[in-house]
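Using our numbering, the final residue of the sequence shown is 444, and nothing's skipped along the way. Report on the structure given below.
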Amino acid sequence: MLSRAQAPILEGEGVIDYSAIETREEWLFPKLEYLHLTGSPDITGIVELMEARLSNDAVRPIKSLVVANADNVREEFEAAGHDHALLDSLFLQKTFGKTMQPTTITPYYYRASHKPDPDDITITTQITNDRFEVFAKLVDSYQGPVSVTVHVTDNPERRDWTLAELGALYTSHPLMSRWVDVHLVVDNFERQFNMWRNVGRFLARTDYVFMLDVDFIVCTDLRRRVRGDPKVMEMLRKGDTALVVPAFEYVDQQRGVDARLFPAQKKDLLSLVDEGAVTMFHAGWELGHGNTDYARWYKAKPGKAYQAKSYQHSYEPYVIMKKQGTPWCDERFVGYGANKAACLFEIYLSGVSFYVLPEDFLIHQSHLYPYEVRKNERRYNRKLYAKYRNETCSRYLEYFSQNVELEPARAKNAREECARQKLIAQ
């Protein structure tokens with residue numbers, strides 16, 4: 019982790035409290051019930067965080083590692099005046115253990131001044147230093163809780179420059195300091211998108227998260243409408259529904275640069291659609307968002323969310339979902355292509371259905387794409403995704419076959435989708 023001199027974190031935040039630990043063994047590897055993040059307003063403890071990400075089998079290697087190096091760990095702690103950053107770091111490294119290493123994670127490098135309600139909706143997103151400007155526009159449009167993972171290249175010159183730019187943005191932007199929690203991932207590995215997504219979600223301080231890419235504008239008063247609809251909130255609370263927010267883009271990319279000119283009401287958006295000025299996001303790749311069924315959305319009545327039409331594995335909408343109990347993004351996906359689709363594939367297989375919000379929408383902020391880089395990375399991830407779908411189907415079909423009496427309804431998605439996967443079908 020960055021030192022406190024480098025990271026402006028309030029005293030006590032993100033530090034494990036060892037006050038209740040009595041024995042040497044517990045000091046070397048505290049029982050989980052003794053661990054909590056002091057100063058972490060609405061994260062009830064590292065216990066819940068670890069349980070959300072790790073099984074008991076995953077925890078044991080940390081214990082073995084710490085105990086095997088007990089003397090070294092104790093020396094480190096004593097030399098630092100009982101600063102337990104080292105053990106914090108071990109937990110985080112294991113929590114995100116499928117990522118490329120070495121990676122350093124600094125939670126709450128900046129912490130929002132606003133304490134969100136548990137039933138609020140946190141946007142979770144990820145950025146690099148070339149996206150600071152569009153990120154500020156997203157924060158302006160949403161004006162609600164945001165948990166952002168910032169990737170920082172582990173090179174002294176670039177790191178210092180990025181942190182200086184980040185500091186200038188955060189401290190000069192009132193909405194940023196009110197709403198945004200910033201978490202750092204410092205390493206030399208580019209585009210670990212799914213790991214970055216997981217960090218943002220892991221550290222979100224609300225019960226519900228909105229998994230969104232940074233280059234979008236939330237055009238409507240989405241938070242108020244969703245939180246004010248008891249039926250929709252009950253769907254979220256049950257944990258078997260993800261709410262889809264339809265995404266659009268301007269046909270003329272120049273018109274998609276100035277977010278201040280984006281429509282804020284559905285009727286105004288529909289006028290632009292009728293003019294041919296706005297279309298579904300990435301219309302040239304209909305598999306990505308086509309299952310949202312835009313023709314139906316255009317006619318959808320207020321308050322009438324509808325289920326997305328038949329799922330297929332390339333569908334990758336932007337969704338609001340329950341933070342805990344929903345599968346995490348597989349961190350083997352590095353680079354462009356299939357990373358978000360893989361997240362949503364497992365979410366769907368777990369028994370979560372996609373329902374489309376009838377009045378709210380997003381519009382893409384236009385920017386240039388690194389097409390050559392994307393082409394090479396997509397080629398690799400396409401192969402990985404084919405393998406991933408089959409292994410994920412195997413896991414869920416095995417689980418549901420052993421728990422058929424407990425999960426009859428949730429098994430439906432896995433049974434139907436996995437029947438379409440070639441290896442599983444054979």
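Cβ coordinates follow ideal geometry from the N, Cα and C atoms, glycine included. The structure displayed is predicted, hence computed values, not measured ones.
Are the beta-carbon atoms of residue 228 and residue 344 separated by less than 9 Å? Here residue 228 refers to the residue found at position 210 of the sequence shown. Here residue 344 refers to the residue found at position 326 of the sequence shown. No, the pair does not count as a contact, with Cβ atoms beyond the cut-off.
Ranges of the beta strand (DSSP E) found wholly within the stretch 200-250, counting only runs of at least 3: Whole beta strand (DSSP E) segments, 3+ residues: 226-229 and 234-236.
Leaving aside the five residues before and after residue 219 along the sequence, list all residues of the same chain whose C-beta is less than 6 Å from its C-beta, in chain order. Here the question's residue 219 lines up with position 201 in the sequence shown. 142 and 227.
With C-beta atoms as the reference, is residue 383 less than 9 Å away from residue 156? Sequence index remark: in the sequence shown, residue 383 carries index 365 (1-based). Sequence index remark: in the sequence shown, residue 156 carries index 138 (1-based). Yes, the Cβ-Cβ distance between residue 383 and residue 156 is below 9 Å.
6 Å Cβ shell around residue 372 - same chain, five flanking residues per side excluded: Start at 1 with the first residue of the sequence shown, and residue 372 comes out as number 354. Take residue 372, set aside five residues on each side of it, and the residues of its chain with a beta-carbon closer than 6 Å to its own are 260, 262 and 326, in chain order.
Is it buried or exposed, residue 201, if we count other Cβ atoms within 10 angstroms and call 16 or more buried? Stepping through the sequence shown from its first residue, residue 201 is reached at position 183. When all chains shown are included, residue 201 counts as buried.
Going by the C-beta, is residue 405 closer than 8 Å to any heavy atom of the ligand MN? Only the bare structure without any ligand can be found here, which leaves the ligand MN out of the picture.
Pull up the CB-CB distance for residue 349 and residue 116, whole angstroms please, since I reckon it's below 8 Å. Residue mapping note: residue 349 aligns to position 331 of the sequence shown, counting from 1. Residue mapping note: residue 116 aligns to position 98 of the sequence shown, counting from 1. 4 Å between Cβ atoms; contact.
Reference residue 187; option with closest CA among 153, 175 and 159: Residue 187 sits at position 169 when you count from the first residue of the sequence shown. Nearest to residue 187 by C-alpha distance, out of 153, 175 and 159, is 153.
I'd like to confirm the pairing. Which residues does DSSP put opposite residue 380 in its beta bridges? By 1-based counting over the sequence shown, the position of residue 380 is 362. Per DSSP, 236 and 265.
Complete runs of the beta strand (DSSP E) confined to the stretch 292-361 [at least 3 residues]: Fully enclosed beta strand (DSSP E) runs of 3 or longer: 296-298 and 336-340.
Excluding the five sequence neighbours on either side, which residues of its own chain have a C-beta within less than 8 Å of the C-beta of residue 195, listed in chain order? One-based indexing of the sequence shown puts residue 195 at position 177. 128, 130, 131, 188 and 189.
Check this for me: beta carbons of residue 381 and residue 277, under 9 Å apart or not? Here residue 381 corresponds to residue number 363 of the sequence shown, with the count starting at 1. Here residue 277 corresponds to residue number 259 of the sequence shown, with the count starting at 1. A contact, by the Cβ cut-off of 9 Å.
For residue 55, the three-state DSSP class (helix, strand or coil): To locate residue 55, count along the sequence shown from 1; it is residue 37. For residue 55, the predicted structure reports a pLDDT of 31, less than 50, and the residue's modelled location is therefore unreliable. A value from the coordinates is still provided. In the three-state reduction of the DSSP assignment, residue 55 falls in the strand class.
By alpha-carbon positions, which one of 341, 175 and 158 ends up nearest to residue 198? Taking the sequence shown and counting its residues from 1, one reaches residue 198 at position 180. Looking at the Cα atoms, 158 is the closest of the given residues.
Check whether the stretch 320-335 touches the stretch 201-213, taking contact to mean three or more Cβ pairs, one atom from each stretch, closer than 8 Å. Judged by Cβ distances under 8 Å, the stretch 320-335 makes no contact with the stretch 201-213, as fewer than three pairs qualify.
CA-CA distance, residue 121 and residue 172? Reading the sequence shown from its first residue, position 103 is the one you call residue 121. Reading the sequence shown from its first residue, position 154 is the one you call residue 172. If you take the alpha carbons of residue 121 and residue 172, they lie about 9 Å apart.
Residues bridged to residue 119 (per DSSP): Counting from one through the sequence shown, the residue named residue 119 turns up at place 101. Beta-bridge annotation (DSSP): residue 119 is not paired with any residue.
From which residue to which residue does the alpha helix (DSSP H) around residue 157 run? Translated into positions along the sequence shown, residue 157 becomes position 139. For residue 157, the enclosing alpha helix (DSSP H) covers residues 150-160.
Contact set for residue 418: own chain, Cβ-Cβ below 8 Å, skip 5 residues either direction: Taking the sequence shown and counting its residues from 1, one reaches residue 418 at position 400. If we look at residue 418 and ignore the five residues flanking it on each side, its Cβ neighbours are 425, 428, 429, 432 and 433.
Ends of the beta strand (DSSP E) at residue 165? Here residue 165 refers to the residue found at position 147 of the sequence shown. Taken as a continuous stretch (DSSP letters only), the beta strand (DSSP E) holding residue 165 covers 164-171.
Verify whether the separation of the beta carbon atoms of residue 139 and residue 244 is less than 9 Å. Residue numbering aside, residue 139 sits at position 121 when the sequence shown is read from its first letter. Residue numbering aside, residue 244 sits at position 226 when the sequence shown is read from its first letter. Yes, the Cβ-Cβ distance between residue 139 and residue 244 is below 9 Å.
For the candidate residues 416, 376, 374 and 379, whose alpha-carbon lies nearest to that of residue 368? On the sequence shown, position 350 is the one that residue 368 refers to. For residue 368, the closest alpha carbon among the candidates 416, 376, 374 and 379 is that of 416.
What does the alpha-carbon distance come out to for the pair residue 169 and residue 264? Against the sequence shown, residue 169 aligns to sequence position 151. Against the sequence shown, residue 264 aligns to sequence position 246. In this structure, the straight-line span from the alpha carbon of residue 169 to that of residue 264 is close to 27 Å.
May I ask you to report which of helix, strand or coil DSSP gives residue 368? Your numbering for residue 368 matches position 350 in the sequence shown. Taken through DSSP and simplified to helix, strand or coil, residue 368 comes out as coil.
Along the chain, where does the beta strand (DSSP E) containing residue 142 start, and where does it finish? As a position in the sequence shown, residue 142 is number 124, starting the count at 1. According to the DSSP assignment, residue 142 belongs to the beta strand (DSSP E) that extends over 139-145.
According to DSSP, is residue 260 part of a helix, a strand, or is it coil? Counting from one through the sequence shown, the residue named residue 260 turns up at place 242. For residue 260, the three-state secondary structure derived from DSSP is strand.
Nearest to residue 125 (by Cα), restricted to the options 110, 177 and 137: Residue numbering aside, residue 125 sits at position 107 when the sequence shown is read from its first letter. Residue 110 is the option with its Cα nearest to residue 125.
Distance between residue 310 and residue 1 (C-alpha atoms, nearest Å): This structure does not reach residue 1, given that the chain is present from 19 up to 444, and the question cannot be answered.
Under 9 Å, do residue 9 and residue 144 count as touching if we go by C-beta distance? The structure shown has nothing for residue 9, since the chain only spans 19 to 444.
DSSP three-state call for residue 192: helix, strand or coil? Translated into positions along the sequence shown, residue 192 becomes position 174. Looking at residue 192 - three-state DSSP - the assignment turns out to be helix.
C-beta atoms of residue 224 and residue 378 nearer than 9 Å: On the sequence shown, residue 224 is found 206 positions in, with the first residue counted as 1. On the sequence shown, residue 378 is found 360 positions in, with the first residue counted as 1. No; because the gap between Cβ atoms is not below 9 Å, this pair is not in contact.
I believe residue 288 touches residue 316 by the beta-carbon criterion, under 8 Å. Please report the beta-carbon distance rounded to the nearest angstrom. Position 270 of the sequence shown, counted from the start, is the residue given in the question as residue 288. Position 298 of the sequence shown, counted from the start, is the residue given in the question as residue 316. Residue 288 to residue 316, Cβ: 6 Å. Contact.
The alpha helix (DSSP H) enclosing residue 431, as first and last residue numbers: The residue you call residue 431 lines up with position 413 of the sequence shown. That run of the alpha helix (DSSP H) goes 429-436.
Residue 365 to residue 214 span [Cα, whole Å]: Within the sequence shown, the letter at position 347 stands for residue 365. Within the sequence shown, the letter at position 196 stands for residue 214. Their Cα atoms are separated by approximately 17 Å.
What number of angstroms, rounded off, separates the C-alpha of residue 147 from the C-alpha of residue 235? Taking the first residue of the sequence shown as 1, we reach residue 147 at position 129. Taking the first residue of the sequence shown as 1, we reach residue 235 at position 217. A straight line joining the alpha-carbon of residue 147 with that of residue 235 spans about 18 Å.
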